[in-house]
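My numbering numbers the first residue of the sequence shown as 3 and each following residue consecutively. All C-beta atoms, glycine included, are put in the ideal place defined by N, C-alpha and C.
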Amino acid sequence: MIRNLNNIIDDVKRKPYDLLDFFRNQFDRDFLEFNVNIHDLEIQLQGFVNRSFEHITSTEHALSLLQQFQAILQRETLRQDLESKCLVIFQNYARDLEAVQKLYEKHKYEPPIPRNAPPVAGNIMWARQLLRRIEAPMQGFAQNKALMATKESKRIVKTYNKVAKALIEFETLWHQAWLRSIEQCKAGLAAPLLVQHPETSKILVNFDKEIMQLTRETKYMQRFNIPVPEAAMMVLLQEEKYKFYHNQLAHLVREYEGVLAKLQPTIKPLLRPHLEDMEKKIAPGFSLLTWTSMNIDGFLHRFKQASLEPPLWPCQHSAGLARLEELVRKVVDLVDNRVESNLRAIANTPMVDLPSDRSFTYDEFITSQAKFQVQQARLLQIRNEEVRNSIEDLLHLVKTYPRENMDVQLNTEGTSLFMRHYSKLMYQAILTCIQKSLQAMKKRLGNKTSSGFLYLERPFFDVDVELKVPNVAMNPPLEDIQKAINECAKKVLTCSKALPCWGQQEVSTYHELI
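Structure, rendered in structure tokens:
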């Protein structure tokens, strides 16, 4: 269209005669042609304007486009067409008002709020979006006095005022409800730092989630330019501090529960003084300290105190979580690697040497088994002594390990029960050792079948068969072989005579229990 306009102007400029010469009537014909061309151009422009409004669904977009056309189109015919477009847009806006009103009535009790938005801010955001949808177009329509003077406009304005009032009241109600809830949310700050689960007794960080929700609501209110009370601002200013305390406490509680989980039921009574010392350090978190206390940092320091250096004063002894964890680690390591590993080794110690690929003569069997049993009995003595020394080292470690309540002595009964428990485990290990050895003898001596198609297990004894007419006799006799086997089995049973029984005063050796 601009190109057509330029062509029309160029045609006028190219006329060879003087346009101001009124004696010539050629100008009248050219001027008439010029007006016809301009009229055709106006029709094209009017068609372009109509097409521009055909695919617009937003009232705001339609108003914006209308203002652009009004700024550049000054001809009366086009201005009148734009005025008619304004009336059509206003009528479409009336339908938008009705849609917003229905949407509000449908969702006002449970509006669709943005993801991760807190409840109050989400409801206010929803109401403001609806209000913005109807408010901006109305401000544009209000500037058109002729439009506002029509009878239809009064009905639309009335509907607008009704919907806008409802949305503003909706926002006000939510804001007032939030203001009333601030003190209730702040009440969570007066709760103790820690609490125990009523059923499992598990320690939990007693932090009310409403506090973090209050800070999030406050941030949104600031973005909405809504006045925020001082109480909410004070909570918001300390948000990072509360998060830090919560994370630190949650970490320490997890570590503490992890340390307790490592303790076996038999070890826990021994560490009762150390656990009580730790519980004493944690106790203020259950009663005295709240989230507004000034000495939470000191409590955290005492909770996790990790100084392993010698104290300058006696009162500086630390029984913090780090030291308790170190003690538990040493105790568990000692039990696993020095006590229970030796018990397993004793249970798997063979007291007879019965190779499947070798046969023995009568004398070789007596000599080799006697020598082997002496060696294994000595090994059992060493391991038994190692277990006993390990138990004593463990008790000494627990007794002398630094704690604040050093005046509290270890429970003598608990110590005795601990010793008696592992003494019974030692008895079970020795009994298992003897049973496995006797089972091995039974299996080797009583085997009557081959081990496989290509492998034939050798006989255990080499004996001579002698012909003494009219009889056939074995040398050595079968009675002597049976006697040697019985003696070997007796020595397996009596190997425990050299193992002193500790932890039980009723007997002196484990053989008496067997």
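Below 8 Å on the Cβ atoms is my contact criterion, and I expect residue i with residue j to pass it. Report the Cβ-Cβ distance as a whole number of Å.
i       : j       : result
Ala-442 : Pro-352 : 7 Å
Lys-110 : Phe-172 : 6 Å
Ile-184 : Ala-144 : Actually they do not touch by this definition, with Cβ atoms about 38 Å apart.
Leu-323 : Tyr-258 : 6 Å
Val-494 : Val-354 : 6 Å
Should residue i be labelled buried (16 or more other beta-carbon atoms within 10 Å of its own) or exposed?
i       : result
Thr-152 : exposed
Pro-313 : With a pLDDT of 39 at Pro-313, under the threshold of 50, the predicted position of this residue should be treated as unreliable, though the coordinate-derived value follows. Burial call: exposed.
Phe-455 : Its pLDDT being 42, under 50, Phe-455 is placed unreliably in this model, and the value from its coordinates should be taken loosely. Flag for Phe-455 reads exposed.
Gln-378 : buried
Ser-439 : buried
Thr-511 : exposed
Asp-279 : buried
His-199 : exposed
Leu-382 : buried
Ser-155 : buried
Leu-345 : buried
Ile-432 : buried
Ala-129 : buried
Met-428 : buried
Ile-384 : exposed
Lys-291 : Correcting the residue type first, residue 291 is Leu in the shown sequence and not Lys. Per the 10 Å Cβ criterion, buried.
Gln-371 : buried
Pro-229 : exposed
Pro-116 : exposed
Pick from the options: whose alpha carbon is nearest that of residue i?
i       : options                            : result
Phe-374 : Leu-399, Arg-331, Cys-497          : Cys-497
Arg-97  : Thr-161, Lys-110, Pro-231          : Thr-161
Glu-281 : Glu-406, Ile-126, Thr-402, Tyr-222 : Glu-406
Arg-218 : Arg-340, Leu-396, Ala-119          : Ala-119
Lys-283 : Phe-226, Asp-359, Leu-272, Ile-298 : Ile-298
Trp-504 : Gly-287, Trp-180, Asn-386, Leu-495 : Asn-386
Met-235 : Lys-188, Glu-201, Tyr-258          : Lys-188
Leu-565 : Pro-479, Asn-227, Asp-395          : Missing from the structure shown is residue 565; the chain here goes from 3 to 516 and no further.
Gly-260 : Glu-242, Pro-231, Lys-204, Ala-233 : Lys-204
Leu-132 : Asn-249, Ile-483, Pro-113, His-303 : Pro-113
Leu-397 : Leu-382, Val-334, Asn-94           : Val-334
Val-389 : Asn-413, Arg-422, Tyr-364, Val-354 : Arg-422
Val-400 : Leu-272, Glu-212, Ile-158          : Leu-272
Glu-100 : Ala-138, Thr-363, Ile-158          : Ile-158
Glu-327 : Leu-336, Ser-418, Leu-345, Lys-306 : Lys-306
Arg-380 : Leu-501, Glu-514, Met-150          : Leu-501
Ser-392 : Gln-141, Phe-420, Glu-481, Ser-370 : Phe-420
Thr-2   : His-276, Asn-473, Thr-363          : Residue 2 is absent from the structure shown; the chain starts at 3 and stops at 516.
Leu-181 : Lys-164, Pro-231, Glu-212, Leu-191 : Pro-231
Tyr-95  : Ile-516, Leu-239, Glu-137          : Glu-137
Gly-287 : Lys-492, Gln-437, Val-255, Val-354 : Val-255
Lys-426 : Leu-216, Ile-115, Thr-268, Met-214 : Thr-268
Pro-479 : Gln-437, Gln-506, Gln-371, Tyr-364 : Tyr-364
Thr-434 : Ile-348, Leu-262, Leu-336          : Ile-348
Ile-436 : Leu-336, Val-102, Leu-515          : Leu-515
Asp-484 : Gln-266, Ile-368, Asn-413, Ala-285 : Checking the sequence shown, residue 484 turns out to be Gln, not Asp. Considering only alpha carbons, the answer is Ile-368.
Lys-444 : Tyr-424, Leu-412, Cys-490          : Cys-490
Would you kindly report the start and end of the unbroken alpha helix (DSSP H) that includes residue i?
i       : result
Val-334 : 323–336
Gln-484 : 480–496
Gln-371 : 364–402
Ile-205 : Counting along the chain, Ile-205 falls outside any alpha helix (DSSP H), though it belongs to the beta strand (DSSP E) covering 205–207.
Gln-198 : No alpha helix (DSSP H) holds Gln-198; the beta strand (DSSP E) holding it covers 196–198.
Val-230 : Premise fails: Val-230 is in no alpha helix (DSSP H) and is neither H nor E.
Arg-274 : 274–284
Arg-340 : Note, Arg-340: premise wrong, no alpha helix (DSSP H); not H, not E.
Met-353 : From DSSP, Met-353 is part of no alpha helix (DSSP H); its letter is neither H nor E.
Within 8 Å of any Cβ in chain D, is that where the Cβ of residue i sits?
i       : result
Ile-228 : The question asks about chain D, but that chain is absent: this structure has only one protein chain.
- Task: Please confirm if the segment 106–122 is in contact with the segment 162–181, defined as three or more CB-CB distances below 8 Å between the two stretches.
- Result: yes
- Counting pairs of Cβ atoms below 8 Å between the segment 111–129 and the segment 221–229, do you hit three or more? yes
- Task: Say whether the segment 357–368 touches the segment 322–340, bearing in mind that this needs 3 or more beta-carbon pairs closer than 8 Å, one atom from each stretch.
- Result: no
- Task: Check whether the segment 197–217 touches the segment 246–263, counting contact only when three or more Cβ pairs, one atom from each stretch, lie closer than 8 Å.
- Result: yes
- the segment 191–204 touching the segment 288–304, judged by at least three CB pairs closer than 8 Å: yes
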